[in-house]
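**Student:** Before we start, here is the structure in question, set down as structure tokens.
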Amino acid sequence: NVRTYQLSPSETRLGADPSGRRELGKGGRELPAAIAYLREKQPDALTELIGHLRNAAPSLSGVRLDYDDARLLALWFSEEGVGRSWATAEVSDGTLKTLALFEPLVDPRYKLLAIEEPENYIHPWVIKDFVETCREKSTTKQVILTTHSPVLVSHLKPSELILVHRTKGATQMVRAIDLDESVDQIIRDGIMDLGQYWNSGAMSAVPGGPRLEFKPPGGDGQD
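Count along the sequence shown from 1, then add 1187; that gives the number in my numbering.
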């Protein structure tokens, strides 16, 4: 059962029906309900989630749940040195996206995740923590990311990057390490990071560049 996410800050701002499903929706709906589930059933996971949020926004001291004027479950953010809580309408897109982005990673209910363009609305430094967390959680769940971000790619290992190319109605997927055997040595030698190498067009996987070609070892690449 694949959980797919294309997170939208506008959807993460919405309140949640307290009697509805307590799972994060594709666009980020039901975020308060998903956090309510963690608070009740997985408190350690919630603590981990708040830790990732504070890594992105150190001035935030916590998140609490309460009802809004429409009697929907809503999130309220506490900030150090501020005598009031901030509603979701008052915090940044990046804060909400960070919370929604890490929730499926710490939630043990989800074993197969597909997250589209996680870099959107997120500070580049947070992407490092996100990729490291994906790698850490890969022992218990599978995480698939789609991205056009050299920043995100720069935090990957060549064996973790799969290049996708579509031509003449067919889609081809190739691991970076299989397409270009020199890439691993280039990264280890510090010549450039993987994001820079990919964005340079050296792997023939950028718009307008030469067509990606791959021949499996021992084969001629023909069907």
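We put the CB at the ideal spot given by N, CA and C, even for glycine.
State the start and end residues of the unbroken beta strand (DSSP E) segment that holds V1351.
**Tutor:** Your numbering for residue 1351 matches position 164 in the sequence shown. That run of the beta strand (DSSP E) goes 1349-1354.
**Student:** Would you tell me roughly how many angstroms separate the C-alpha atoms of L1350 and M1360, rounded to the nearest one?
**Tutor:** By 1-based counting over the sequence shown, the position of residue 1350 is 163. By 1-based counting over the sequence shown, the position of residue 1360 is 173. Spanning the two alpha carbons is a distance of roughly 6 Å.
**Student:** Across which residues does DSSP place M1360 in a beta bridge pair?
**Tutor:** By 1-based counting over the sequence shown, the position of residue 1360 is 173. The bridge partners DSSP lists for M1360 are V1351.
**Student:** If we require 4 or more residues per run, which alpha helix (DSSP H) segments fall completely within the stretch 1266-1342?
**Tutor:** 1280-1293, 1311-1324, 1337-1341
**Student:** Using only alpha-carbon positions, find the residue among K1228, F1264, L1300, V1340 that is nearest to G1212.
**Tutor:** Here residue 1212 corresponds to residue number 25 of the sequence shown, with the count starting at 1. Cα-wise, what sits closest to G1212 is L1300.
**Student:** When the Cβ atoms of the stretch 1281-1293 are set against those of the stretch 1214-1232, are three or more pairs found closer than 8 Å?
**Tutor:** yes
**Student:** Taking DSSP's pairing of strands, which residues face W1263 in a bridge?
**Tutor:** One-based indexing of the sequence shown puts residue 1263 at position 76. Bridge partners of W1263: R1251, A1274.
**Student:** State the beta-bridge partners of Y1192 as determined by DSSP.
**Tutor:** Taking the first residue of the sequence shown as 1, we reach residue 1192 at position 5. Partner(s): I1302.
**Student:** Using DSSP with H/G/I as helix, E/B as strand and the rest coil, what is A1221?
**Tutor:** Stepping through the sequence shown from its first residue, residue 1221 is reached at position 34. Reduced to three states, the DSSP call for A1221 is helix.
**Student:** So what's A1243 in DSSP terms, helix, strand or just coil?
**Tutor:** Here the question's residue 1243 lines up with position 56 in the sequence shown. Helix, per DSSP.
**Student:** Could you name the residues that DSSP lists as bridge partners for A1420?
**Tutor:** Given that the chain is displayed from residue 1188 to residue 1410, the structure contains no residue 1420 and the question cannot be resolved.
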